[in-house]
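Only one structure is covered here, and it is reproduced in the block below.
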Amino acid sequence: MRFDPIWQDLVLAWRNVVAKPSYAVVVLITLALGIAANTMIVSFMNPYFIRPLPFRDAYELVQIGQVDTLRGWDGARFSIPQVEDWRARSRAFRELGTYYYTTKNVTGTEGPESLLAGVLSENLFGLLGVPPRLGRTFEPGDSEVVVLSDGLWRRRYGADPAILGTVISLDGIPHSVIGVMPPAFNFPFGGVKMWIPLPATASAEPRDRDLHILVGRLNPEWTRERARVELEGIQSELSATYPDIDGQFSGVSVKELREALNFGYDIMRASFTVFLAAVGFILLIACVNVASLTLARARARERDVAVRSALGARRGHIVRQLLTESLLLALLGGGLGVFLADWGARAIAPLVPEDIFRVGEVELDTRVLLFSVALTLLTPVLFGLAPAIGISRTNLVSSLRQGVRAGGAGIGSMRVRRALVVLEVTLAIALVVGTGLMVRSFFELQKVELGFRPEAALTVRLALPQTDYPEASEQKLFFDRALLEVSSLPGARAAGYTVPLPMNHAIWTVQFALPDDAPAARENWPLAHQFNVSSRYFEAMGVALLAGRTFDERDGPNSARVVIVSRSTADAYWPDRNAVGESLLVVDSEGTFEATVVGVVADVRHEGFQDEIGAQIYQAIDQGGFRGRFLVVSAGADPENLTRAVAGAIAAVDPNLPVEIRPMADIVSESALQWTISSILLGVFGAVALLLASLGIYGVVAFTVAERRREIGIRMALGATSREIGALVLGEGLKLTAAGIALGIVLAGIAARLVASQLFGVSPFDPVTFVVATGLFIATSAFASLAPTLRASSTNPIAVLRHE
0 MRFDPIWQDL VLAWRNVVAK PSYAVVVLIT LALGIAANTM IVSFMNPYFI
50 RPLPFRDAYE LVQIGQVDTL RGWDGARFSI PQVEDWRARS RAFRELGTYY
100 YTTKNVTGTE GPESLLAGVL SENLFGLLGV PPRLGRTFEP GDSEVVVLSD
150 GLWRRRYGAD PAILGTVISL DGIPHSVIGV MPPAFNFPFG GVKMWIPLPA
200 TASAEPRDRD LHILVGRLNP EWTRERARVE LEGIQSELSA TYPDIDGQFS
250 GVSVKELREA LNFGYDIMRA SFTVFLAAVG FILLIACVNV ASLTLARARA
300 RERDVAVRSA LGARRGHIVR QLLTESLLLA LLGGGLGVFL ADWGARAIAP
350 LVPEDIFRVG EVELDTRVLL FSVALTLLTP VLFGLAPAIG ISRTNLVSSL
400 RQGVRAGGAG IGSMRVRRAL VVLEVTLAIA LVVGTGLMVR SFFELQKVEL
450 GFRPEAALTV RLALPQTDYP EASEQKLFFD RALLEVSSLP GARAAGYTVP
500 LPMNHAIWTV QFALPDDAPA ARENWPLAHQ FNVSSRYFEA MGVALLAGRT
550 FDERDGPNSA RVVIVSRSTA DAYWPDRNAV GESLLVVDSE GTFEATVVGV
600 VADVRHEGFQ DEIGAQIYQA IDQGGFRGRF LVVSAGADPE NLTRAVAGAI
650 AAVDPNLPVE IRPMADIVSE SALQWTISSI LLGVFGAVAL LLASLGIYGV
700 VAFTVAERRR EIGIRMALGA TSREIGALVL GEGLKLTAAG IALGIVLAGI
750 AARLVASQLF GVSPFDPVTF VVATGLFIAT SAFASLAPTL RASSTNPIAV
800 LRHE
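So for the sequence shown, numbering that gives the first Met the number 0 puts the first residue at 0; every next one is plus one.
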């Protein structure tokens with residue numbers, strides 16, 4: 000029996016909602032969009048910034064790097080002799096371990112596949128404190144064993160529980176599977192699918208082989224800053240002992256592990272801040288919108304409440320009934336919002352590459368879901384309680400006598416609702432301006448001259464295993480045959496090799512100088528980006544040859560050393576003469592050599608869109624010899640159509656060699672990901688803000704018309720034309736918009752500073768964006784006011800005055 004009143008309230012609430020579907024739909028959409036935007040962003044960024052790391056006492060874990068001021072790095076790697084020296088001298092760490100990652104060709108009955116493998120010191124699994132799902136991890140003396148990721152175990156080996164002890168081939172060398180890690184384990188990032196132990200021969204590596212990344216677990220009471228001070232003291236001592244190796248570094252960095260493992264941490268954190276501000280604005284706009292609509296709804300129901308009170312309804316029952324109606328709408332809107340949030344987060348999750356470190360998948364976890372539910376349940380209290388109490392205290396005689404005429408300054412007054420709409424427009428225009436700035440940045444990005452044609456190129460990553468190709472002559476034979484096979488394919492216009500590949504997150508640098516103007520101290524020699532390319536690489540990539548020639552058969556391993564330089568390099572070092580034929584001193588891993596400049600090519604953006612283009616030097620790839628290379632194929636307008644044919648051509652040379660084929664345009668798109676994601680998300684948020692603002696303007700103008708029907712009827716009876724009435728109502732909406740725009744422009748100027756670091760080629764105070772946003776809101780306001788304006792201008796004064 001005690002549930003009967005609640006059930007009656009729910010039934011009556013549902014009837015009231017159905018009776019006013021326009022009001023219910025607007026509230027549902029507003030609540031759903033406000034909750035969805037916030038929940039989606041928190042869910043999307045949760046794996047990158049919020050969810051705890053899957054390691055034991057992760058707060059104790061840090062990654063250590065050497066600071067190389069010459070190259071601008073603060074995370075330079077270590078050699079094993081350096082690591083041993085630091086282990087012996089440091090008191091800050093309970094344990095130190097190392098890792099690096101490399102490509103391994105996996106072969107077997109499942110077919111060839113190229114995968115990233117982590118090469119770990121034997122203690123690193125224990126240092127991280129994550130036990131395996133199956134089997135065990137590394138032990139002292141382990142050699143030629145492998146631990147698989149859960150994803151690889153499921154995808155390639157069908158989650159076979161008998162996988163332990165199975166022998167798989169990595170680069171032609173048999174490895175025994177000893178363990179499978181749990182699904183949550185992700186180290187150092189998602190692209191790494193297996194782990195092998197550091198070879199025993201690593202202890203004999205030379206001191207300058209800086210291949211290893213250092214991870215440490217802090218001792219109790221040691222902070223990252225205190226550890227950094229200690230390590231810099233050790234680094235200073237080692238620099239004095241080994242000035243040519245340790246002495247080239249100027250300090251030590253100690254980073255929290257999540258930050259260190261996430262290659263895009265700083266960029267993503269800045270974007271996350273912008274997104275949180277944007278969705279915060281949306282939530283606030285939604286709150287203001289619902290508040291405005293609820294107040295207007297409450298004002299319109301004063302006569303109904305007065306009648307019910309006159310018939311004996313108690314104030315508590317009236318308040319409970321109104322709150323039940325608000326609660327019903329909130330639950331429906333919240334449920335829709337959570338659904339949209341989950342769908343939206345999953346939809347945008349694939350935009351972020353797997354190589355960006357994250358913990359788990361993008362999904363609604365318990366905390367985010369509880370936050371959304373709490374927010375949903377608080378909504379009726381915040382937006383239903385005050386007006387419910389207000390109208391429950393309505394003067395019965397006044398309400399029954401005056402109906403729903405305009406009132407004074409109470410909680411449902413027009414003045415309050417107008418102020419809320421002005422606030423809504425203010426917030427919305429600030430968000431739309433930020434959206435416009437990001438969208439303009441994205442379009443400015445498309446205008447950047449890259450120095451090559453990514454839309455016409457296909458890239459193939461090739462890595463030859465040592466066991467199958469131990470000799471340089473065998474490697475050269477494979478690369479020559481593969482190049483010939485691919486070049487002869489119908490549709491392949493040109494093909495060539497390069498190491499590294501532009502825009503592929505790999506940076507190779509060399510020091511260089513003019514023979515007659517070389518600084519005495521080697522550390523003062525300038526740096527250049529280094530590329531090692533074959534003869535037709537420039538043609539395949541679409542890099543323009545400006546002077547001289549490209550590499551050809553004359554530039555073999557035993558030929559005189561030659562280089563090609565970029566236009567900026569030529570202009571900087573030979574400004575008054577042709578660079579072709581000039582000499583250059585270049586430093587590589589084998590020492591210093593003198594080379595002749597045989598060509599000048601266009602500048603190429605190698606690192607990204609925002610980086611300055613510095614000096615660039617190309618060497619003949621046959622004069623270096625590289626086991627791993629990128630093959631670039633020019634394939635015209637749609638290079639992906641050539642993918643299968645290229646894979647077949649490589650398989651014809653070596654059917655067991657896995658290949659990774661990607662359009663160059665996809666690689667370039669990854670470098671633009673920061674602006675792509677920001678433009679998409681902020682574009683959606685800006686559209687939502689515009690929609691919510693238009694709903695708010697429509698609501699207040701429509702309720703204004705409803706409350707002023709008697710006034711409008713009198714005006715028309717006294718001779719006012721439909722056009723004059725329409726202008727009066729339209730002006731109501733435009734006045735609210737104008738006030739919101741004036742305040743919004745000021746707020747947008749403040750918000751623009753927040754997104755300044757995310758912009759490309761656009762000023763945060765870009766006048767075009769501000770003008771377009773203003774015009775867009777004026778048009779939106781006019782459109783939102785159109786229906787109420789037409790309704791007001793068609794008012795029948797006789798009918799209105801007869802019913803008053």
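By construction, the Cβ of each residue, glycine as well, lies at the ideal position given by its N, Cα and C atoms. For clarity, every value in this text was computed on a predicted model and none was experimentally measured.
Secondary structure of residue i, DSSP reduced to three states
i	result
I612	coil
T591	strand
F280	helix
F92	strand
E112	strand
N104	strand
V687	helix
W524	coil
M44	helix
D67	strand
P638	helix
R135	coil
R404	Because the pLDDT at R404 is just 45, under 50, the model does not fix this residue reliably, and the value given afterwards should be weighed accordingly. Reduced to three states, the DSSP call for R404 is coil.
G433	helix
F530	strand
D467	coil
L758	coil
Residues that residue i bridges to, as DSSP identifies them
i	result
T97	L213
N655	Its beta-bridge partners do not exist; DSSP assigns none.
L630	V459 and Y496
V585	F511 and F592
H174	I167
E255	V61
Residue i to residue j span [Cα, whole Å]
i	j	result
P173	E639	34 Å
I620	P556	9 Å
M193	F48	24 Å
R439	Q474	47 Å
Q529	V509	6 Å
R566	L545	8 Å
E324	S678	38 Å
D159	W152	7 Å
L133	E143	18 Å
I410	G743	Because I410 sits at a pLDDT of 43, beneath the cut-off of 50, its placement in the model cannot be relied upon, and the point is left open.
G406	A290	At G406 the pLDDT is 42, less than 50, meaning the model places this residue with poor confidence and gives no usable figure here.
L217	P242	28 Å
G730	A719	16 Å
A456	L430	38 Å
I40	G110	39 Å
V214	E589	29 Å
G635	A539	10 Å
V745	G336	31 Å
Residue i versus the options, residue with shortest Cα-Cα distance
i	options	result
P53	L95, L151, A646 and M180	M180
I177	I744, T136 and H211	T136
R268	G730, F356 and F511	F356
S249	G698, W72 and L115	W72
E606	M663, V631, V585 and S670	S670
F684	E83, A203 and L282	L282
A201	T38, T97, K734 and Q618	T97
L583	E59, L127, G623 and I616	I616
A344	P46, E204, A418 and Y58	P46
CB-CB length for residue i against residue j, believed under 8 Å
i	j	result
V658	L500	No, V658 and L500 are not in contact; Cβ-Cβ is about 14 Å, not under 8 Å.
L363	I676	The Cβ separation is near 20 Å, so there is no contact.
R643	A594	Contact flag wrong, Cβ pair sits at about 40 Å.
G739	V421	5 Å
A31	G332	5 Å
A285	T38	Not confirmed; about 12 Å, so no contact.
Q65	F77	7 Å
E255	A91	With a Cβ gap of about 15 Å, E255 and A91 do not count as contacting.
Distance cut-off 7 Å: residue i Cβ against heavy atoms of the ligand MN
i	result
S565	The ligand MN is absent from the structure shown, which contains no ligand whatsoever.
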